[in-house]
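Chemist:
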Amino acid sequence: MALNYFDPQILAKLESLELRARTVVEGLMAGIHRSRAKGFSSEFEQHREYTPGDDLRHLDWKAYGKFDRYFIKEFQEESNLKCYVLLDCSASMGYRSDGLSKFEYGCYLAACLSYLALRQGDAAALVTFGEGLKRFIPPRAKQGHLREICEELEARRAEGRTNLGRVLQEIAEAVRRRGMVVVISDLLDDRAAVMQGLKLLRFKGNDLLVFPVLDRDELELPFKELTLFRDLEQDVRVTADPRVIREEYLRALQAFIDAYREECRANQIDHVLLNSATPLDKALIQYLAWRA
322 MALNYFDPQI
332 LAKLESLELR
342 ARTVVEGLMA
352 GIHRSRAKGF
362 SSEFEQHREY
372 TPGDDLRHLD
382 WKAYGKFDRY
392 FIKEFQEESN
402 LKCYVLLDCS
412 ASMGYRSDGL
422 SKFEYGCYLA
432 ACLSYLALRQ
442 GDAAALVTFG
452 EGLKRFIPPR
462 AKQGHLREIC
472 EELEARRAEG
482 RTNLGRVLQE
492 IAEAVRRRGM
502 VVVISDLLDD
512 RAAVMQGLKL
522 LRFKGNDLLV
532 FPVLDRDELE
542 LPFKELTLFR
552 DLEQDVRVTA
562 DPRVIREEYL
572 RALQAFIDAY
582 REECRANQID
592 HVLLNSATPL
602 DKALIQYLAW
612 RA
């Protein structure tokens with residue numbers, strides 16, 4: 322039986338993060354995905370009838386000779402966007418029930434998105450963060466850029482606290498030209514501050530895609546015995562019986578997810594919840610649909 326290289330567990334067996342990213346993306350893409358936005362460039366797309374004010378350099382004289390009417394050549398715009406991938410490296414991202422931690426899954430996703438952007442002709446940037454910026458790798462469109470991104474991801478560990486709201490504010494100031502911003506985080510932070518940062522990026526004309534990544538344990542609370550719960554960022558410990566708190570916990574979790582989703586939708590920000598065991602092609606297809 323053929324291996325499913327979109328499965329994070331199988332992907333983890335490959336030698337390097339760069340190889341994992343290339344394997345996933347090449348498995349997904351049969352050819353380079355192109356932006357469908359129309360503009361004037363080197364690749365011909367279609368004709369339309371001439372209207373006064375059109376650039377005469379793009380008149381198709383062969384079409385005029387054939388139809389005795391003026392037609393303008395429309396072209397496909399070459400992709401040259403900047404894609405900023407922001408990865409949460411705080412301690413809460415280090416949680417795992419089995420298989421990959423949220424952080425490891427986020428690293429795979431960040432590497433795949435970066436390679437996918439580069440493969441489309443876009444410039445890829447990586448931002449790793451916790452309570453503040455850890456590293457900002459500026460956007461570049463060269464294929465060799467993937468190695469620098471993967472080396473940074475492989476060097477990072479999930480540790481410390483997070484302040485996503487402040488980081489988003491800093492990125493909004495650093496991004497001078499509009500681009501695409503992808504956020505990979507469990508979003509376990511002050512929602513008001515996070516949304517304020519996202520709104521600022523959106524106000525400046527950026528397209529935003531948020532991937533909240535949660536573990537199966539967080540989504541289901543499957544424990545059946547008295548359990549010690551520990552906050553990985555503040556070292557707060559609580560002992561509770563999951564059978565007693567499960568219903569209220571799941572209700573609160575759904576409210577947390579819905580609040581983010583609704584506020585993102587209201588601000589034209591895409592929000593796609595991921596389980597850390599979700600095959601990576603699901604996230605990449607969401608990215609392609611958003612990018613198109």
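In my numbering, the protein residues as written are 322 to 613. We treat Cβ as the ideally placed atom computed from N, Cα and C, and that holds for glycine. Bear in mind that the values here come from a model prediction, so they are computed numbers and not experimental data.
Does DSSP put V515 in a helix, a strand or coil?
Modeler: Numbered from 1 along the sequence shown, position 194 holds the residue referred to as residue 515. If DSSP states are grouped into helix, strand and coil, V515 belongs with the helices.
Chemist: Taking the straight line between their C-alpha atoms, what separation do you get for C433 and Q589?
Modeler: The residue you call residue 433 lines up with position 112 of the sequence shown. The residue you call residue 589 lines up with position 268 of the sequence shown. Roughly 24 Å separates the two Cα atoms.
Chemist: State the DSSP-derived secondary structure class of S506, mapped to helix, strand or coil.
Modeler: Translated into the one-based positions of the sequence shown, residue 506 becomes position 185. In the structure shown, S506 sits in a strand (DSSP, three-state: E or B).
Chemist: State the DSSP-derived secondary structure class of V496, mapped to helix, strand or coil.
Modeler: Sequence index remark: in the sequence shown, residue 496 carries index 175 (1-based). Residue state, collapsed to three classes: coil.
Chemist: Does DSSP put V565 in a helix, a strand or coil?
Modeler: Along the sequence shown, one-based indexing puts residue 565 at 244. Three-state result, V565: helix.
Chemist: Helix, strand or coil: which one does DSSP assign to L538?
Modeler: Numbered from 1 along the sequence shown, position 217 holds the residue referred to as residue 538. Correcting the residue type first, residue 538 is Asp in the shown sequence and not Leu. Note: D538 maps to helix in three-state DSSP.
Chemist: Any idea what DSSP makes of A587, helix, strand or coil?
Modeler: Mapped onto the sequence shown, residue 587 falls at position 266. The answer is helix: DSSP assigns A587 an H, G or I state.
Chemist: Between A514 and A444, what straight-line distance do the alpha-carbon atoms span, to the nearest angstrom?
Modeler: Counting from 1 along the sequence shown, the entry for residue 514 is found at position 193. Counting from 1 along the sequence shown, the entry for residue 444 is found at position 123. The straight-line gap from Cα to Cα measures roughly 28 Å.
Chemist: Around the Cβ of Q441, are there at least 16 other Cβ atoms within 10 angstroms (buried) or fewer (exposed)?
Modeler: Within the sequence shown, the letter at position 120 stands for residue 441. It is buried - the Cβ of Q441 has at least 16 other Cβ atoms within 10 Å.
Chemist: Assuming contact is defined by CB atoms lying nearer than 9 Å, are F532 and V488 in contact in what I supplied?
Modeler: Numbered from its first residue, the sequence shown carries residue 532 at position 211. Numbered from its first residue, the sequence shown carries residue 488 at position 167. Result no, Cβ atoms of F532 and V488 do not sit closer than 9 Å.
Chemist: Considering only residues of the same chain and omitting the five flanking positions on each side of T498, which have a CB-CB separation below 8 Å?
Modeler: Here residue 498 refers to the residue found at position 177 of the sequence shown. The sequence as given places Arg at residue 498; Thr does not occur at that position. Once the five neighbours on either side are set aside, the close Cβ partners of R498 are K403.
Chemist: Of all the beta strand (DSSP E) runs that stay within the bounds of the segment 412-497, which reach a length of 3 or more residues?
Modeler: Correct list: 444-450, 454-461.
Chemist: Helix or strand or just coil, what does DSSP make of F524?
Modeler: To locate residue 524, count along the sequence shown from 1; it is residue 203. Helix at F524.
Chemist: Can you give me the Cβ contacts of A342 inside the same chain, cut-off strictly under 6 Å, excluding the 5 residues immediately before and after it?
Modeler: Start at 1 with the first residue of the sequence shown, and residue 342 comes out as number 21. Closer than 6 Å at the Cβ level, and outside the excluded window around A342, lie A432, C433, Y436.
Chemist: Would G465 be called buried (16 or more neighbouring beta carbons within 10 Å of its own) or exposed?
Modeler: As a first step, residue 465 must be located in the sequence shown, where it is residue number 144. Answer is exposed; the Cβ neighbour count stays below 16.
Chemist: From E472, D591, E469, N527, pick the residue whose C-alpha is nearest to that of E494; which is it?
Modeler: Against the sequence shown, residue 494 aligns to sequence position 173. Of the listed residues, the one whose Cα sits closest to E494 is N527.
Chemist: Do you know how far the Cα of L338 is from the Cα of C471?
Modeler: Within the sequence shown, residue 471 is the residue found at index 150, counting from 1. Within the sequence shown, residue 338 is the residue found at index 17, counting from 1. Their Cα atoms are separated by approximately 6 Å.
Chemist: Do A561 and F550 come within 9 Å of each other at the CB atom, strictly closer than that value?
Modeler: What you label residue 550 is simply residue 229 of the sequence shown in a count that begins at 1. What you label residue 561 is simply residue 240 of the sequence shown in a count that begins at 1. Yes, Cβ-Cβ distance for F550 and A561 is below 9 Å.
Chemist: Spatial neighbours of T548 within its chain, please: C-beta separation below 6 Å, excluding the five flanking residues on both sides.
Modeler: Stepping through the sequence shown from its first residue, residue 548 is reached at position 227. For T548, where only same-chain residues beyond five positions count, the Cβ hits under 6 Å are P563.
Chemist: Flag V346 as yes if its beta-carbon sits less than 9 Å from any beta-carbon of chain D, otherwise no.
Modeler: Of the protein chains in the structure, only one exists, and it is not chain D.
Chemist: Give the DSSP bridge partners of K603, in chain order.
Modeler: The sequence position of residue 603 within the sequence shown is 282, counting from 1. For K603, which the question treats as bridged, DSSP gives no partner whatsoever.
Chemist: Taking the CB atoms as reference points, tell me whether L467 and F457 lie closer together than 9 Å.
Modeler: For the purposes of this step, residue 467 is taken as residue 146 along the sequence shown, with counting starting at 1. For the purposes of this step, residue 457 is taken as residue 136 along the sequence shown, with counting starting at 1. Taking 9 Å as the Cβ cut-off, L467 and F457 do not qualify as a contacting pair.
Chemist: For R417, which residues in the same chain have their Cβ closer than 8 Å to its Cβ, ignoring the five residues on either side in sequence?
Modeler: Position 96 of the sequence shown holds residue 417. The residues are K423, E425, D536, S597.
Chemist: From L509 to C410, what does the alpha carbon distance come to, in whole angstroms?
Modeler: Here residue 509 refers to the residue found at position 188 of the sequence shown. Here residue 410 refers to the residue found at position 89 of the sequence shown. Rounded to the nearest angstrom, the two C-alpha atoms are 12 Å apart.
Chemist: So, are the CB atoms of G451 and T483 less than 9 Å apart?
Modeler: As a working note, residue 451 is residue 130 in the sequence shown. As a working note, residue 483 is residue 162 in the sequence shown. In contact: G451 and T483 (Cβ atoms closer than 9 Å).
Chemist: Following the continuous beta strand (DSSP E) through C404, name the residue where it begins and the one where it ends.
Modeler: Working through the sequence shown from its first residue, we reach residue 404 at position 83. Where C404 is concerned, the enclosing beta strand (DSSP E) stretches over 403-409.
Chemist: N596 by DSSP, collapsed to three states: which one?
Modeler: Translated into positions along the sequence shown, residue 596 becomes position 275. Three-state DSSP puts N596 in a strand.
Chemist: Of all the options P459, K463, L421, C428, which has the alpha carbon lying nearest to the alpha carbon of L439?
Modeler: Start at 1 with the first residue of the sequence shown, and residue 439 comes out as number 118. Checking every option, the nearest Cα to that of L439 belongs to K463.
Chemist: Buried or exposed: which applies to V557, given that a residue is buried once 16 or more other Cβ atoms fall within 10 Å of its Cβ?
Modeler: Residue 557 sits at position 236 when you count from the first residue of the sequence shown. By the neighbour-count rule (16 or more Cβ atoms within 10 Å), V557 is not buried but exposed.
Chemist: Less than 9 Å between the beta carbons of W611 and L522, yes or no?
Modeler: Translated into positions along the sequence shown, residue 611 becomes position 290. Translated into positions along the sequence shown, residue 522 becomes position 201. It is not a contact, given that the beta carbons lie outside the stated cut-off.
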